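In what follows, a structure is listed as structure tokens, so that the remarks can point back to it.
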Amino acid sequence: MLLKRINLNEVSEMRTDIKTLYIDFDGTLVNTIESIVDLYNEDFKYYKNFNYIRWWDIDTWGFEECNCAPPGYIDLYFNQPRFFEKLKFMQWAQWAVKKLSQYYTIKIVSHGYSPNLKQKESYIKEWFPFAEFIGVNLKEYSDKAHIDMNDGLFIDDSSKNLITSNAKENICFGEIYSWNKEWTGKRMNNWYEIQQYLLEERMEF
Numbered sequence: 306m307l308l309k310r311i312n313l314n315e316v317s318e319m320r321t322d323i324k325t326l327y328i329d330f331d332g333t334l335v336n337t338i339e340s341i342v343d344l345y346n347e348d349f350k351y352y353k354n355f356n357y358i359r360w361w362d363i364d365t366w367g368f369e370e371c372n373c374a375p376p377g378y379i380d381l382y383f384n385q386p387r388f389f390e391k392l393k394f395m396q397w398a399q400w401a402v403k404k405l406s407q408y409y410t411i412k413i414v415s416h417g418y419s420p421n422l423k424q425k426e427s428y429i430k431e432w433f434p435f436a437e438f439i440g441v442n443l444k445e446y447s448d449k450a451h452i453d454m455n456d457g458l459f460i461d462d463s464s465k466n467l468i469t470s471n472a473k474e475n476i477c478f479g480e481i482y483s484w485n486k487e488w489t490g491k492r493m494n495n496w497y498e499i500q501q502y503l504l505e506e507r508m509e510f
């Protein structure tokens, strides 16, 4: 899909029923799967029974497709600096979130353990200094229900988090995976769609 050409006469209208955008990090803002798979391919490419894994081959929460990695190994990647060095934004995410920040308060809400959350906070400060980071420690919470989101809209790729949220509206991000296939609510495939939906852009000539 090609982005439309930006016109100086473009007018954006924000949603008046919401104040804050609560945005998930892994699998929503950044392509976590691609980063993890790249690390796996680097570490296990000379192992017996290794098969090169593409990020779109993954459909299990625990990266079971990465069969050469021993139990718990993949989880360690999330705490390593090189995981963040490999991270790439989802298509149009950086552009869209910056634009949306002109109209909405942005809060990034993400699960992880302490080393992972500290690095995510630094990552957000670098790329989105206008956004607030809310870290959710996996040792304490299995979802994000304890975060009051009743003033806004929540975007996440996990149906578990969306179902338990008290946000005014919940949107499932991206393609259908095993961890969100039961979601029956609104789904958006990319950040261009989200930006259009939230700003209700129109062109005037």
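Numbering (the numbering used here), first residue to last: 306 to 510. We treat Cβ as the ideally placed atom computed from N, Cα and C, and that holds for glycine. Note that the structure is predicted; figures quoted are calculated from it, not measured.
Going by beta-carbon coordinates alone, are residue i and residue j separated by less than 8 Å?
{"i": "F394", "j": "I411", "result": "no"}
{"i": "G443", "j": "Y418", "result": "The question names Gly, but residue 443 is Leu in the sequence shown. In contact: L443 and Y418 (Cβ atoms closer than 8 Å)."}
{"i": "S415", "j": "D364", "result": "no"}
{"i": "I379", "j": "Y357", "result": "no"}
{"i": "N485", "j": "N471", "result": "no"}
Could you tell me which of the options sits nearest to residue i, measuring between CA atoms?
{"i": "L392", "options": "N485, R492, I499, I429", "result": "I429"}
{"i": "P375", "options": "F355, D362, F388", "result": "F355"}
{"i": "L334", "options": "E347, A398, P386", "result": "A398"}
{"i": "E369", "options": "M319, I439, W496, V342", "result": "V342"}
Per DSSP, which one or two residues make a beta bridge with residue i?
{"i": "F438", "result": "I413"}
{"i": "M493", "result": "F478"}
{"i": "T325", "result": "T410, G457"}
{"i": "F388", "result": "DSSP lists no partner for F388."}
{"i": "F394", "result": "V335"}
With a 10 Å radius around its C-beta and 16 neighbouring C-beta atoms as the bar for buried, classify residue i as buried or exposed.
{"i": "I323", "result": "buried"}
{"i": "N336", "result": "buried"}
{"i": "S447", "result": "exposed"}
{"i": "Q407", "result": "exposed"}
{"i": "L467", "result": "buried"}
{"i": "I352", "result": "The question names Ile, but residue 352 in the sequence shown is Tyr. Exposed, since its Cβ has fewer than 16 Cβ neighbours within 10 Å."}
{"i": "S483", "result": "exposed"}
{"i": "K350", "result": "exposed"}
{"i": "W488", "result": "buried"}
{"i": "K425", "result": "buried"}
{"i": "N421", "result": "buried"}
{"i": "W361", "result": "exposed"}
{"i": "W496", "result": "buried"}
How big is the Cα-Cα spacing for residue i and residue j?
{"i": "W400", "j": "Y409", "result": "14 Å"}
{"i": "I328", "j": "K404", "result": "14 Å"}
{"i": "R492", "j": "F478", "result": "6 Å"}
{"i": "C373", "j": "F383", "result": "17 Å"}
{"i": "S464", "j": "A450", "result": "12 Å"}
{"i": "F388", "j": "S427", "result": "13 Å"}
{"i": "D461", "j": "E474", "result": "11 Å"}
{"i": "E445", "j": "R320", "result": "33 Å"}
So, does the CB of residue i fall closer than 8 Å to a CB anywhere in chain C?
{"i": "N384", "result": "As a matter of chain content, chain C is missing from the structure shown, which is built from one protein chain."}
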